[in-house]
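Below is one structure, written out as C-alpha cells; comments come after it.
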Amino acid sequence: MTKNNKIKIFITGGAGFIGTNFILYMMKKYPDYQIINFDSLTYAGNLNNLKSIENNPKYKFIKGDICNPGEVKPAMTGCDWIVHFAAESHVDRSIMDPDTFVKTNILGTNVLLRVAKELEIKRFHHISTDEVFGELGNEGKFTEKTPYDPRSPYSASKAAADHLVRVYFHTFGLPITISNCSNNYGPYQFPEKFIPLFASNLIENQKVPLYGEGLNIRDWIHVDDHSSALDLILHKGKIGETYCVGGDAEKTNLEITNLILKYFKKGDEMIEKVADRAGHDFRYAIDFSKIKKELGWSPKVNFEKGLAETLKWYQDNQDWWKKIKSGEYKKYYEEQYKNRS
Ligand code: NAD
Ligand code: TYD
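Residue numbering for the sequence shown follows my numbering, beginning at 21 and increasing consecutively.
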C-alpha cells in the first residue's frame, strides 16, 4: 500500500447525502489523502454539494456507473481503499420500482467486488443499513448476530449486497469490512426523506405527510457520527468484520414531527395523516457495543441539538433544496401522493 499519508480512496456515491458528508469530513481530517468520487449522478447525486472542494488537487470527480465494469476498472485502478456508498436508497421508491434497486444495489455491488478482486484492492468497505435485519417489536436491538430478514425491495437489495461482500471475503479473500448503520440526518439529505421533506414543506408553509399514526420508531444518527465510525473502521477495523453503528436516539416519527413543528413555530394543523407505507417496518434500534468496545467509537451529537442545527441548515440553504423540489423530483412526489391522502 502507498504510505499512510498518500492513501487513495475510491468512493462510490460521493455526490449523495452520506457520501458528500463523508468526503467533506475526510478531506478536512486527512488533507493528504487522495479522493476519487465515482458517481453516476442519478436524481439523488448533486455536485453542488461539493463545490467547496472541486478545485482541490487531492479530489477528483469521475462520472460513472457502478454497474459498468468498463467505467469502474480504469477509475478504480491505483486506489488503495474502496468505500462503497452508491445505491438506490429510498424505501418508497423501491416499492414503486424494485428493478432499479436490484440492478444498482446488487449487480452494481457485484461489479465493484469483481473489479476490486482483479485489482487486488487492499480494503473494500461496504456501507449497509440496519434495515437488512427487518423490524423489531417494542423490545430488543439489532446486533451483528441478528439474522437477516429484509422486508422492502430496498432492504432486500442491500441484504443481497451484504451477502455478496461476505462471499468475496470467504471465497476470494477480498479484504472487506461492512457497517450497518441506522437512519442518518444532517445537511445535504435529499428532500424526499422524512426530516428534510418535513422541514422544507414547513418552510414553504405546506403540510407534512405523516404515515399512519406516526408511531413507527427509528434510531437516528447524525451523519458526522456515521463518518467518524467509518473513519475508525477504515483505519482500525478488523478485516472480514461487520460493525453495527447507531445513534442511541430512538424516536417515533410523531415525536420528531412535533420537534420540527416546534422549531418552525407551526401547529398540529400542519400534520396530514396519510395512508401508511406498505410493509412499513415498525421499529429499528441498534446495539453498537461491538464498535464501542473494539474501536472505542460512540455517537457524539446530541439528537435535539443535531436536529436543530440540521433544521437551521435547511432554513439557511433554501436554494439547495428548492432547485431539487421544483425539478424532476416534483413528478415523483406528485405520483407518490396521488392516491395516498
Ligand atoms: P443517496 O440516495 O443520497 O445517494 C446515493 C448516491 O449514489 C447518489 O449520489 C447517486 O447518484 C449515486 N448512485 C446511485 N446509483 C449509482 C450507480 N449505478 N453508479 C454510481 N453512482 C450511483 O443515498 P444516501 O442516503 O447518501 O445513502 C448512501 C449509502 O448509505 C447507501 O448505500 C444507503 O443504503 C446507505 N445507508 C443510508 C442510510 C440513510 O439514513 N440515508 C442509513 C444507513 C445506510
Ligand atoms: P425515511 O426517511 O424514508 O427513512 P426509512 O424509511 O429508510 O427509515 O422515513 C423515516 C420514517 O418516516 C419512516 O418510518 C417513514 C416515515 N415517513 C413519513 O411518515 N412520511 C414521509 O413522507 C416519509 C418520507 C417518511
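In this text, a Cβ means the ideal position worked out from N, Cα and C, and glycines have one as well. None of the values given here were measured: they were computed from a predicted structure.
With a cut-off of 8 Å on the beta carbons, I'd call residue i and residue j a contact; round off their distance for me.
i           : j           : result
residue 287 : residue 281 : 7 Å
residue 189 : residue 260 : 5 Å
residue 266 : residue 241 : 6 Å
residue 78  : residue 56  : Actually they are not in contact, since the Cβ atoms of residue 78 and residue 56 sit about 10 Å apart, beyond 8 Å.
residue 304 : residue 156 : 7 Å
residue 104 : residue 253 : Not really, about 13 Å apart at Cβ, beyond 8 Å.
residue 243 : residue 273 : Their Cβ separation, rounded to whole angstroms, is 19 Å, which puts residue 243 and residue 273 out of contact at 8 Å.
residue 150 : residue 202 : 5 Å
Once you ignore the five residues that flank residue i on each side, which residues in its own chain have a CB closer than 7 Å to its CB?
i           : result
residue 345 : 211, 220
residue 312 : 318
residue 66  : 35
Would the C-beta of residue i count as close to ligand 3, meaning under 7 Å from any of its heavy atoms?
i           : result
residue 213 : Ligand 3 is absent from the structure shown, which contains only ligand 1 and ligand 2.
Answer with buried or exposed for residue i, where buried requires no fewer than 16 other C-beta atoms within 10 angstroms of its C-beta.
i           : result
residue 325 : exposed
residue 124 : buried
residue 226 : exposed
residue 161 : buried
residue 74  : exposed
residue 192 : exposed
residue 271 : buried
If I measure Cβ to Cβ from residue i and keep anything under 8 Å in the same chain, skipping five residues before and after, which residues do I get?
i           : result
residue 89  : 131, 134, 135
residue 84  : 58, 59, 60, 91, 92, 95
residue 154 : 168, 169, 170, 171, 175, 301
residue 21  : With a pLDDT of only 45 at residue 21, under the threshold of 50, the placement of this residue in the model should not be trusted; the figure read from the coordinates follows. 27, 100, 142.
residue 248 : 45, 317, 320
Give the DSSP bridge partners of residue i, in chain order.
i           : result
residue 270 : 239
residue 73  : According to DSSP, residue 73 bridges with nothing at all.
residue 80  : 56
residue 32  : 58, 104
To which residues of the same chain is residue i closer than 6 Å at the C-beta, ignoring the five residues directly before and after it?
i           : result
residue 179 : 152, 168, 170
residue 289 : none
residue 298 : 115
Could you tell me whether any Cβ in chain C is nearer than 8 Å to the Cβ of residue i?
i           : result
residue 338 : In the structure shown, chain C cannot be found, because there is only a single protein chain.
Unbroken alpha helix (DSSP H) runs of length 4 or more, entirely within the segment 284-314: which are they? Counting whole runs of 4 or more residues, the segment 284-314 contains no alpha helix (DSSP H) stretch at all.
What alpha helix (DSSP H) runs, 4 residues minimum, are completely inside the segment 131-212? With a minimum length of 4 residues, the continuous alpha helix (DSSP H) runs that stay inside the segment 131-212 are 173-190.
Which ranges would you report for the beta strand (DSSP E) in the segment 214-264 if only whole runs of at least 3 residues count? As far as the segment 214-264 is concerned, its whole beta strand (DSSP E) runs of at least 3 residues are 228-231, 237-242.
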